[in-house]
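Engineer:
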Amino acid sequence: MDLRFFLLLAFGLLCFSRVSVCEHVEDDVDVEDELDLDLPGADDDEELEDDEATPTPKAPPVPNVTYKAPEPMGEHFFAESFDRGTLDGWVLSSAKKEDTDEEIAKYDGKWSVEEMKDSKLPGDKEDYKLHFILRHKNPKTGEFEEKHAKKPDADLRTYYTDKKTHLYTLVVNPDNSFQVLVDQTVVNSGNLLTDMTPPINPPAEIEDPDDHKPEDWDERPRIQDPDAAKPEDWDEDAPPQIPDADAVKPDGWLDDEPEYIGDPDAAKPDDWDEDMDGEWEAPQVPNPACEAAPGCGAWKRPMVDNPNYKGKWKPPMIDNPNYQGVWKPRKIPNPDYFEDLQPFRMAPFSAVGLELWSMTSDIFFDNFFISDDRNTAERWANDGWGLKKAAEGAAEPGLATQMLSAAEERPWLWVVYVLTVALPLILIIVFCCTGKVSMEEFKEGGPPEPLQVLTTLSVCLSVCLSVCLSVCFFSQQGATKI
């Protein structure tokens, strides 16, 4: 076998792999749509009957994944899948926020979704956040204060832009550790006692608000030497630069010729009014007599740095013998101090609420679950989100469909497709038609011909380019709403 056989085999495997990825098993799908908070109730049946009477384009079949509303198994405090067809148990809050304008103070405010305007701030629209905020009760005053967890280190962009169903989980453990997970992957973790801002427990000591810095307190670490005196030979008036005494005027310098003269070819405009515009003067142009000379006009010595220049004299700096350090108020016991070593035992609550303020439409929520048994919660998640994730994966279009969709949005991709497939194919055909070379001739001929090397590089380029296209343009194609 020669080199051409291996090149043809590699290209054939490349084409075969791309075709096989595009294929998928054809079957039916039965996925229950997610419910939004505005449930239409019994009108759904009538709408479905009308839809059945109207012929609709047949969607491409995909593998069958049947979704069934999850049933809570094990101890739990709250479970809501929104699969009953009603919103029994949910009420629209009539509470109001304090210190807020009347128009937006109500929790039941409803506004139409508006597209976010382009911002000139770099990265302003690329900041995706996932908060964990604990309202901790002060055991001394009874007041609640928000405690914020640190910002997640993970990149959250995909979760907010791929338009897929995602599972958000908060785990708080009896050792005060916590975890924030998305799709059962930890994106943030920490401890309630050490990783919340402001801290759960206030400091035992605080700065005395009535303590003030004494007037004679000296915070200067270094001062000018009071015993230093300016040297007698210090000349503060010496200029930083002086004319070069060694410079000599070049031969042929035209002292009597100006560097610029009035343009002899210029003429005063006909509409020039000397009373309004002043006396007309021809525009200045370089003096042609100076072109062959080293220079024109009055010659001046060039300036050089003055070796005797010292500038204004200043006393040298020395350590301050009276330095007392940076003053700080004295510490006193914190009158509001308390110590809560078990903040995971948060204040009891009896309701779950949603406060929505979004610039994105079509956001759906379901499958709320609160439990003190993690295994029970994970079983609930697998019975709900797990099936929906499988359905979305089965409904995703193949690689060929994604490539065509991407090319519709970015027409320049057609050029990339053609180059990816046509260039290696043309080079291989040319290479195969150049004649057969025996192994003895190949050994005697030394290194491969440039065409062989170019063909090999082209096939490698095609493989790399195909992988890059798949990663860059098609990995984030979404199929469903979140």
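For reference, each letter of the sequence shown is one residue, going -22 to -1, 1 to 460 in mature numbering (1 follows the signal peptide of the UniProt record, and there is no 0). Here a beta-carbon is modelled for each residue, glycine too, at the ideal position from N, C-alpha and C.
From the DSSP output, in three-state form, read off proline 402 for me.
Structural biologist: Note: proline 402 maps to helix in three-state DSSP.
Engineer: Identify every residue that forms a DSSP beta bridge with proline 264.
Structural biologist: Tyr238, per the DSSP bridge assignment.
Engineer: Smallest Cα separation from proline 180: which of Tyr138, Asp205, Asn116?
Structural biologist: Cα-wise, what sits closest to proline 180 is Asn116.
Engineer: Of the residues Glu121, Thr64, Val69, Met51, which one's Cα is nearest the Cα of leucine 332?
Structural biologist: It is Val69 whose Cα lies nearest to the Cα of leucine 332.
Engineer: Would you be able to state if there are at least three C-beta pairs under 8 Å between the region 217 to 235 and the region 254 to 262?
Structural biologist: At 8 Å Cβ cutoff, the stretches do not touch.
Engineer: What is the C-beta distance between tryptophan 231 and glycine 273, in whole angstroms, given that I count them as a contact (C-beta under 8 Å)?
Structural biologist: Right, their Cβ atoms sit about 5 Å apart.
Engineer: In the structure shown, what three-state DSSP assignment does isoleucine 341 receive?
Structural biologist: Note: isoleucine 341 maps to coil in three-state DSSP.
Engineer: Answer with buried or exposed for phenylalanine 346, where buried requires no fewer than 16 other C-beta atoms within 10 angstroms of its C-beta.
Structural biologist: With fewer than 16 other Cβ atoms within 10 Å, it is exposed.
Engineer: Quick one: residues in its chain with C-beta nearer than 8 Å to the C-beta of aspartate 229, no 5 flanking neighbours on either side, listed in chain order?
Structural biologist: Once the five neighbours on either side are set aside, the close Cβ partners of aspartate 229 are Pro272.
Engineer: Is the Cβ-Cβ distance between phenylalanine 122 and isoleucine 348 less than 8 Å?
Structural biologist: Cβ atoms of phenylalanine 122 and isoleucine 348: not closer than 8 Å.
Engineer: Can at least three beta-carbon pairs, one atom from the region 153 to 171 and one from the region 126 to 139, be found at a separation below 8 Å?
Structural biologist: Touching, yes.
Engineer: List the DSSP bridge partners of phenylalanine 56.
Structural biologist: Its beta-bridge partners are Ile348.
Engineer: Indicate whether the contact test is met: 3 or more Cβ pairs, each with one atom in the region 238 to 245 and one in the region 182 to 192, closer than 8 Å.
Structural biologist: The region 238 to 245, when compared against the region 182 to 192, does not touch it at the 8 Å Cβ threshold.
Engineer: Could you give the DSSP three-state label for residue 470: helix, strand or coil?
Structural biologist: Since the displayed the chain opens at -22 and closes at 460, residue 470 lies outside it and no answer follows.
Engineer: Given a threshold of 16 other Cβ atoms within 10 Å of its Cβ, counted over all protein chains shown, does leucine 112 qualify as buried or as exposed?
Structural biologist: Answer is buried; the Cβ neighbour count reaches 16.
Engineer: Sort Glu269, Glu210, Asp251 by Cα distance to glutamate 237 and report the nearest one.
Structural biologist: Of the candidates Glu269, Glu210, Asp251, the one whose C-alpha sits nearest the C-alpha of glutamate 237 is Glu269.
Engineer: Counting C-beta neighbours from all protein chains within 10 Å, is the total for asparagine 154 16 or more, i.e. buried, or is it exposed?
Structural biologist: The residue in question, asparagine 154, is buried, as its Cβ has 16 or more Cβ neighbours within 10 Å.
Engineer: Candidates Ile178, Val158, Glu183, Glu53: which alpha carbon is nearest proline 313's?
Structural biologist: Nearest option by C-alpha distance: Glu183.
Engineer: Once you ignore the five residues that flank alanine 359 on each side, which residues in its own chain have a CB closer than 6 Å to its CB?
Structural biologist: So the list reads Leu145, once near-sequence residues are dropped.
Engineer: If I follow the unbroken beta strand (DSSP E) through aspartate 139, where does it start and stop?
Structural biologist: A small correction: the amino acid at residue 139 is threonine; aspartate does not occupy that position in the sequence shown. Premise fails: threonine 139 lies in the alpha helix (DSSP H), 135 to 139, not in any beta strand (DSSP E).
Engineer: Here's the rule: buried if 16 or more other CB atoms are within 10 angstroms of the residue's CB, otherwise exposed. What is lysine 281?
Structural biologist: The sequence shown places methionine at residue 281, not lysine. Exposed, by the Cβ-count rule.
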